[in-house]
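K.L.:
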Amino acid sequence: MAGEQLSVRVDSWIWSVRLTRTRSIASDACRGGHVRVNGVRVKPAHAVRVGDEVRLRHEGRERIVVVSRVITKRVGAAVAAECYVDKSPPPPPREEAVTVAVRARGAGRPTKRERRSIDRLLGRPAAEGRRDRRPGPE
Numbered sequence: 001m002a003g004e005q006l007s008v009r010v011d012s013w014i015w016s017v018r019l020t021r022t023r024s025i026a027s028d029a030c031r032g033g034h035v036r037v038n039g040v041r042v043k044p045a046h047a048v049r050v051g052d053e054v055r056l057r058h059e060g061r062e063r064i065v066v067v068s069r070v071i072t073k074r075v076g077a078a079v080a081a082e083c084y085v086d087k088s089p090p091p092p093p094r095e096e097a098v099t100v101a102v103r104a105r106g107a108g109r110p111t112k113r114e115r116r117s118i119d120r121l122l123g124r125p126a127a128e129g130r131r132d133r134r135p136g137p138e
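Those letters in the sequence shown? Residues 1 to 138, by UniProt numbering.
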């Protein structure tokens with residue numbers, strides 16, 4: 001395409017195709033060793049060309065993309081998706097959030113009795129030396 005460069009900085013390209021929110025995050029990822037181009041850890045100024053495989057570890061997930069078009073300016077998500085071929089493994093399924101016991105605001109610390117019932121509910125073993133004098137609700 002006319003006016004298109006043959007290579008561009010890897011941090012700029014990662015930001016341009018929206019793999020990271022900011023360019024500084026992309027640069028920090030490169031400096032931290034979280035970006036590999038064709039299997040080699042790279043610095044932010046490393047050149048990326050069409051056909052290169054870029055691996056980015058970000059937010060607990062590894063993204064594997066093959067560069068299909070080199071761009072320098074950030075573009076919309078639809079255009080950005082055309083600039084690479086995504087070969088990433090599917091994201092792990094989201095684990096359902098565990099319900100957390102909620103106390104009324106201002107209720108203070110749980111009493112000893114409440115703490116023991118919480119321990120029983122969560123399946124924690126009773127501590128040595130503690131005895132319940134009254135049978136708890138079961």
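Every residue gets a Cβ at the ideal spot worked out from N, C-alpha and C, and that includes glycine.
Applying the criterion that 16 or more other CB atoms from any shown protein chain within 10 Å of the CB defines a buried residue, is Ser68 buried or exposed?
P.N.:
exposed
K.L.:
Which of helix, strand or coil does DSSP assign to Met1?
P.N.:
Only weak support is given to the placement of Met1: the predicted model assigns it a pLDDT of 49, under 50, and the value that follows is read from those uncertain coordinates. Note: Met1 maps to coil in three-state DSSP.
K.L.:
Which runs of the beta strand (DSSP E) spanning at least 3 residues fall entirely within the segment 61 to 121, listed in chain order?
P.N.:
61 to 67 and 84 to 86
K.L.:
Could you check what DSSP says for Arg124 in three-state terms: helix, strand or coil?
P.N.:
coil
K.L.:
Please classify Arg23: does DSSP put it in a helix, a strand, or coil?
P.N.:
Arg23: helix per DSSP, three-state reduction.
K.L.:
Near Arg41, which residues of its chain fall below 6 Å by C-beta distance, leaving aside the five closest residues on each side in sequence?
P.N.:
Gly33
K.L.:
Could you tell me whether the segment 5 to 13 touches the segment 43 to 61, using the rule of 3 or more Cβ pairs below 8 Å?
P.N.:
yes
K.L.:
Out of curiosity, what's the CA-to-CA distance linking Val17 and Arg31?
P.N.:
Arg31 has its alpha-carbon roughly 19 Å from the corresponding atom of Val17.
K.L.:
Assuming Leu19 and Leu56 form a contact by the criterion Cβ under 8 Å, report the distance between their Cβ atoms to the nearest whole angstrom.
P.N.:
The beta-carbon separation of Leu19 and Leu56, rounded to 6 Å, stays under the 8 Å limit for a contact.
K.L.:
Does Leu6 come out as helix, strand or coil in the three-state DSSP assignment?
P.N.:
coil
K.L.:
Just to confirm before moving on: does the CB-CB distance between Asp52 and Asn38 stay below 8 Å?
P.N.:
yes
K.L.:
Thinking C-alpha only, which one of Arg103, Arg94, Val66 and Pro91 is nearest Ala81?
P.N.:
Val66
K.L.:
Kindly indicate which three-state DSSP category Asn38 falls into: helix, strand or coil?
P.N.:
coil
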